[in-house]
Amino acid sequence: MQQGTLMRKVKSKSWKKQRYFKLQEDCMTIWYQSKRTGKTESAFSISDVETVREGHQSEVLQSVAEEFPPERCFTIVFYGRRGNLDLIAGSAEEAQCWVQGLRQLIEPRSFPLTFALVSRTWIRDWFQKADKNKDGRMNFKEVQRLLKMMNVDMNEDHALRLFQDADKSESGTLEGEEFVLFYKALTQREEVLSLFQEFSEDGKKLTLLELVDFLRQEQLEDEGTEELAMELIDKYEPSETARARHVLSADGFLMYLCSPEGSIFNPQHRALWQDMSQPLCHYFISSSHNTYLIEDQIRGQSSIEGYIRALKRGCRCLEVDCWDGPNGEPMVYHGHTFTSKIPFREVVSTLGKYAFKVRHPSPGAGGRGWSLVGEDTCAEGSWSCWPPAVQDPREQGPWRRWVAQGASLSLTPQELKHKILLKGKKIGRLEDTLDGPGDEAPDVSDDDNGAEAEEERRRAKVRGTQHGSALQKDKESLAQALSDCVIYCKNVPFRGFQEARSHSRPSEISSLSEAKARKLIRDEGNEFVRHNAWQLTRIYPSGMRTDSSNYSPQEMWNVGCQIVALNFQTAGTEMDLCDGLFSQNGCCGYVLKPPFMRNEETLFNPSDPSSWEGPGPITLTIQVISGQQLPKVANSKEGAIIDPLVRVEIYGVPVDQAHQETKYIENNGFNPCWDETLHFQLHVPELALIRFVVEDYDKTSRNDFVGQFTLAFANIKPGYRHIHLLSKDGTGIPPSSLFVHIRITK
């Protein structure tokens with residue numbers, strides 16, 4: 001790997017270019033260059049790599065499977081929405097060398113990264129960027145260039161003074177530990193040191209009791225505080241002598257504040273912390289729309305990567321649109337458009353591999369647009385096409401017990417562990433799947449519309465009549481074998497809350513467009529909340545969103561809609577809210593709704609919180625103190641330095657929606673200090689999401705995005721906390737962070 005390896009970079013079956021790939025001496029950077037021109041084309045950091053897949057585990061490599069054996073093929077998968085890198089090595093040995101080497105380099109990493117590891121990596125990266133002549137040392141001119149690169153606009157005299165203080169050898173250059181000293185002086189956190197000295201009697205260390213006082217008074221830790229203090233000293237104090245004396249130095253104090261324990265996100269809520277034995281309709285469920293698309297809705301690419309990315313982000317409800325393909329083989333794509341197509345078998349194979357890399361089951365995978373042949377190809381073939389997790393209704397198990405209880409009870413995520421439910425059309429009643437056909441006329445509904453003919457059949461069924469022609473039409477359009485796969489989430493058209501309460505069951509589900517949902521929220525908010533306390537509702541984007549844009553999921557969550565489907569491929573505020581809500585509870589894709597949204601007789605209406613006797617409003621006070629090592633804006637001019645400001649946005653019920661922002665700090669993205677306090681009143685904090693956004697102020701045009709972090713109010717830890725910022729794609733950008741002080745009062 002050190003000398004460079006000649007491999008084929010593959011973009012399609014016909015696009016295969018040879019490139020030299022080499023791991024740099026820092027073991028953190030890989031560059032590759034053209035074999036023909038010798039010009040370096042690109043480079044990426046090891047920290048950008050999420051995982052490495054061996055063999056033909058991408059559509060591109062599957063397309064060349066006959067030409068190149070799997071032992072020579074591998075795929076480098078990056079964080080966020082960056083495209084994968086498909087490579088073919090010259091031999092199986094070379095491929096293994098790269099696969100195993102890359103895995104060893106990315107294996108030790110965990111998120112959030114430790115402050116010490118981030119600092120070491122950060123220092124090394126900046127040194128190599130600034131050392132233009134690659135002689136392993138930096139002169140003052142290179143240091144000045146470095147400061148510009150690091151978003152620092154520093155007085156030249158002050159910069160020279162820091163440089164000379166660090167130049168212990170008086171050689172006029174910095175090397176090795178001298179550069180570390182310079183970096184430490186540059187990153188001195190005065191605001192943290194001041195806080196440290198406020199609780200330290202001698203200003204040099206925190207004794208065990210002083211640390212306990214800080215944890216109780218400022219961090220509001222009230223249980224097991226002494227044990228926690230000992231644990232923090234053992235974990236974050238860099239000095240062995242200080243650890244032995246049970247004291248915390250200023251360096252250890254800073255490392256604690258930058259750690260997961262010092263994060264604004266309650267670390268206990270990162271794990272699975274909620275009750276998972278409630279009915280399925282009592283949870284918000286992470287859900288995607290047209291999951292197979294990774295671009296727009298009209299001409300975009302369909303790819304199994306859409307499913308892999310969604311599942312790895314904790315998505316639990318996926319969409320599979322299946323249509324007839326050549327030779328009766330069903331294909332997945334956006335029907336009646338020009339999107340590309342992928343074989344259905346590849347989709348279900350992918351679901352089998354990735355569906356349960358998180359803790360809990362996928363509650364549904366929608367399917368529509370099938371003809372009889374396409375359905376039979378997948379459903380009839382001894383279940384060989386489906387992953388084992390799809391429950392075969394012909395087998396004994398919980399489904400028969402459920403039907404024996406009247407099919408009226410709601411199943412729970414705990415009961416459905418390692419199962420995949422198919423949400424879709426169904427011929428006849430759910431009981432007929434197990435007990436043979438009944439006397440009812442079939443009810444077949446579609447996600448996106450309730451046709452008048454279907455409505456008439458439904459009404460006829462309620463009146464106890466049948467339509468022979470309708471029965472024949474349904475059998476022609478939907479295969480019985482596929483219908484039998486739908487056991488729990490049967491699609492039914494929505495005809496009003498009263499009709500649903502009279503004739504529907506908890507095992508059924510209705511799909512509503514965003515526009516229809518908004519009208520119901522506006523006209524019948526309380527009835528909508530009550531409906532969602534006992535039955536599942538799915539919301540999908542307007543057909544006008546051909547660019548794969550998203551609607552705000554918050555207004556749908558406000559009435560308890562469980563399956564709020566978003567276009568996962570499109571970054572933005574809407575996906576930040578989705579990621580923020582579902583980043584808790586082990587990232588399992590399920591979040592338990594508040595108690596007042598699980599009560600079928602609730603009085604809660606998000607448009608009028610006063611109609612609900614809640615605990616009353618609370619005040620959220622946020623002191624935005626400082627920022628650290630904020631990234632430059634993408635594609636900014638060389639030498640440009642950002643003017644950062646922080647905006648805090650509240651998403652929740654309409655009366656709680658608010659935003660406030662700090663002033664901007666001119667020419668300082670490295671260590672800006674705002675020290676401004678913002679106040680918010682929350683009437684329904686149980687539904688509130690808090691979004692912290694950093695932007696680069698521009699007085700002549702729209703501000704540029706720098707970073708953000710979103711979390712549910714329920715996951716906030718009060719006290720002095722760091723907020724570790726995320727990119728537009730939702731990936732970490734260490735060590736960029738905000739330092740804040742949080743207070744919650746009634």
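As numbered in UniProt numbering, residues 1 to 746 make up the sequence shown, in order.
Virtual Cβ for every residue (Gly too), placed ideally from N, Cα, C.
Being a predicted model, the structure only gives us computed values, none of them experimental.
Determine contact between the region 584–595 and the region 266–276, defined as no fewer than three beta-carbon pairs at a distance below 8 angstroms.
Taking 8 angstroms as the limit for Cβ pairs, the verdict is that the region 266–276 does touch the region 584–595.
Excluding the 5 residues preceding and the 5 following Val-624 in the sequence, name in chain order all residues of the same chain whose CB lies nearer than 8 angstroms to its CB.
Walking along the sequence shown from the start, residue 624 turns up at place 624. Setting aside the 5 residues that flank it on each side, Val-624 is surrounded in the same chain by Val-646, Val-648, Thr-662, Trp-674, Asp-675, Glu-676, Thr-677, Leu-678, Leu-738, Val-740, each with a C-beta closer than 8 angstroms to its C-beta; the list follows chain order.
Given that a residue counts as buried once 16 or more other Cβ atoms are within 10 Å of its Cβ, and exposed if not, what is Ala-185?
Numbered from 1 along the sequence shown, position 185 holds the residue referred to as residue 185. Within a 10 Å sphere around the beta-carbon of Ala-185 sit fewer than 16 other beta-carbons, which makes this residue exposed.
Can you give me the Cβ contacts of Val-666 inside the same chain, cut-off strictly under 6 angstroms, excluding the 5 residues immediately before and after it?
Here residue 666 refers to the residue found at position 666 when the sequence shown is read from its first residue. The question names Val, yet the displayed sequence has Glu at residue 666. These residues qualify, in order along the chain: Asp-643.
How about the region 553–562 and the region 248–265: do they share at least three Cβ pairs that are nearer than 8 angstroms?
no
Using three-state DSSP, classify Gln-708 as helix, strand or coil.
Indexing the sequence shown from 1 puts residue 708 at position 708. DSSP places Gln-708 in strand when its eight states are reduced to three.
Would the region 340–351 count as touching the region 298–307 if we require 3 or more Cβ pairs under 8 angstroms?
yes
Are the beta-carbon atoms belonging to Ser-200 and Leu-208 less than 9 angstroms from one another?
The residue you call residue 200 lines up with position 200 of the sequence shown. The residue you call residue 208 lines up with position 208 of the sequence shown. Not in contact: Ser-200 and Leu-208 (Cβ atoms no closer than 9 angstroms).
Straight-line CA distance for Val-99 to Cys-73?
Here residue 99 is taken as the residue at index 99 of the sequence shown, counted from 1. Here residue 73 is taken as the residue at index 73 of the sequence shown, counted from 1. Taking the straight line joining both Cα atoms gives about 10 angstroms.
Under DSSP, the alpha helix (DSSP H) around Gly-525 begins and ends at which residues?
In the sequence shown, counting from the first residue as 1, residue 525 sits at position 525. Note, Gly-525: alpha helix (DSSP H), 514–532.
Going by DSSP, what residue range makes up the beta strand (DSSP E) through Lys-22?
Here residue 22 refers to the residue found at position 22 of the sequence shown. Taken as a continuous stretch (DSSP letters only), the beta strand (DSSP E) holding Lys-22 covers 16–23.
Helix, strand or coil for residue 754 per DSSP?
Since the first residue of the chain shown is 1 and the last is 746, residue 754 is not available in this structure.
If I measure Cβ to Cβ from Val-373 and keep anything under 7 angstroms in the same chain, skipping five residues before and after, which residues do I get?
For the purposes of this step, residue 373 is taken as residue 373 along the sequence shown, with counting starting at 1. Bear in mind that a pLDDT of 33 at Val-373, under 50, signals an unreliable position, so the number given afterwards is only what the model happens to contain. Correct list, in chain order: Asp-324, Gly-328.
Report the rounded CA-to-CA distance for Arg-691 versus Ser-169, giving the unit in angstroms.
Here residue 691 is taken as the residue at index 691 of the sequence shown, counted from 1. Here residue 169 is taken as the residue at index 169 of the sequence shown, counted from 1. Near 47 angstroms, if we compare the C-alpha coordinates of Ser-169 and Arg-691.
For a test of your reading of the model: does the CB of Met-138 fall under 8 angstroms from any non-hydrogen atom of the ligand HEM? Yes or no.
For the structure depicted, the ligand HEM is absent and the ligand set is empty, with no information on it obtainable.
Just verifying my parser: in three-state terms, what is the DSSP assignment at Arg-359?
Working through the sequence shown from its first residue, we reach residue 359 at position 359. Bear in mind that the predicted position of Arg-359 carries a pLDDT of just 47, short of 50, making it unreliable; the figure below should be weighed with that in mind. Note: Arg-359 maps to coil in three-state DSSP.
Could you check the C-alpha separation between Arg-702 and Val-693 for me, to the nearest Å?
Within the sequence shown, numbered from 1, the residue matching residue 702 stands at position 702. Within the sequence shown, numbered from 1, the residue matching residue 693 stands at position 693. Between Arg-702 and Val-693, the C-alpha separation is close to 14 angstroms.
With distances taken Cα to Cα, identify the nearest neighbour of Pro-606 among Gln-62, Ser-249, Asn-526, Leu-23.
On the sequence shown, position 606 is the one that residue 606 refers to. Nearest of Gln-62, Ser-249, Asn-526, Leu-23 to Pro-606, Cα basis: Asn-526.
According to DSSP, is Tyr-183 helix, strand or coil?
On the sequence shown, residue 183 is found 183 positions in, with the first residue counted as 1. In this structure, Tyr-183 counts as helix in the three-state DSSP scheme.
Go ahead and pull the three-state DSSP assignment for Trp-98.
For the purposes of this step, residue 98 is identified with residue 98 of the sequence shown, where counting begins at 1. The DSSP-derived three-state label of Trp-98 is helix.
When the distance is taken between beta carbons, is Met-138 closer than 9 angstroms to Glu-190?
Here residue 190 corresponds to residue number 190 of the sequence shown, with the count starting at 1. Here residue 138 corresponds to residue number 138 of the sequence shown, with the count starting at 1. No. Outside cutoff.
Let me know if Ser-511 comes out buried or exposed under the rule of 16 or more other beta-carbons within 10 Å of its beta-carbon.
Taking the sequence shown and counting its residues from 1, one reaches residue 511 at position 511. Buried, because 16 or more other Cβ atoms sit within 10 Å of the Cβ of Ser-511.
Please state if the CB of Ser-727 and the CB of Gly-252 are separated by a distance shorter than 9 angstroms.
The sequence position of residue 252 within the sequence shown is 252, counting from 1. The sequence position of residue 727 within the sequence shown is 727, counting from 1. Their beta carbons are not under 9 angstroms apart, which means Gly-252 does not touch Ser-727 by this criterion.
Any beta-carbon of chain C closer than 9 angstroms to the one on Ser-194?
Here chain C cannot be found, since the structure has a single protein chain.
Could you give the DSSP three-state label for Asp-729: helix, strand or coil?
As a working mapping, residue 729 is identified with position 729 in the sequence shown. In this structure, Asp-729 counts as coil in the three-state DSSP scheme.
May I ask you to report which of helix, strand or coil DSSP gives Val-653?
Residue mapping note: residue 653 aligns to position 653 of the sequence shown, counting from 1. In the structure shown, the three-state DSSP call for Val-653 is coil.
Quick one: is Gln-18 buried, meaning 16 or more other Cβ sit within 10 Å of its Cβ, or exposed?
Start at 1 with the first residue of the sequence shown, and residue 18 comes out as number 18. Gln-18 should be labelled exposed.
Looking only at its chain, what residues have a beta carbon closer than 7 angstroms to the beta carbon of Pro-631, apart from the 5 residues adjacent to it on each side?
In the sequence shown, the residue the question calls residue 631 occupies position 631. Closer than 7 angstroms at the Cβ level, and outside the excluded window around Pro-631, lie Val-706, Gly-707, Ile-733, Ser-736.
Could you check what DSSP says for Leu-293 in three-state terms: helix, strand or coil?
Here residue 293 refers to the residue found at position 293 when the sequence shown is read from its first residue. Strand, per DSSP.
In the DSSP assignment, the alpha helix (DSSP H) including Lys-235 goes from what residue to what residue?
Position 235 of the sequence shown, counted from the first residue, corresponds to residue 235. That run of the alpha helix (DSSP H) goes 225–236.
Are there 16 or more other CB atoms within 10 angstroms of the CB of Ser-12, so buried, or fewer, so exposed?
Within the sequence shown, residue 12 is the residue found at index 12, counting from 1. Exposed, by the Cβ-count rule.
Reducing DSSP to helix, strand and coil, say where residue 764 ends up.
No statement about residue 764 is possible, as the shown extent of the chain runs from 1 to 746 and does not include it.
Considering only the alpha carbon of each residue, which of Ala-242, Phe-21, Leu-146 lies closest to Ala-640?
To locate residue 640, count along the sequence shown from 1; it is residue 640. Residue Leu-146 is the option with its Cα nearest to Ala-640.
By how many angstroms is the C-alpha of Gly-335 removed from the C-alpha of residue 752?
Residue 752 lies beyond the range of the chain shown here (1 to 746); nothing can be said about it.
Quick one: any contact between the region 536–544 and the region 503–517, if contact means 3 or more CB pairs under 8 angstroms?
yes
Specify the secondary structure class of Ile-539 as computed by DSSP and reduced to three states.
Position 539 of the sequence shown, counting from 1, holds the residue named residue 539. Of the three classes helix, strand and coil, the one that applies to Ile-539 here is strand, per DSSP.
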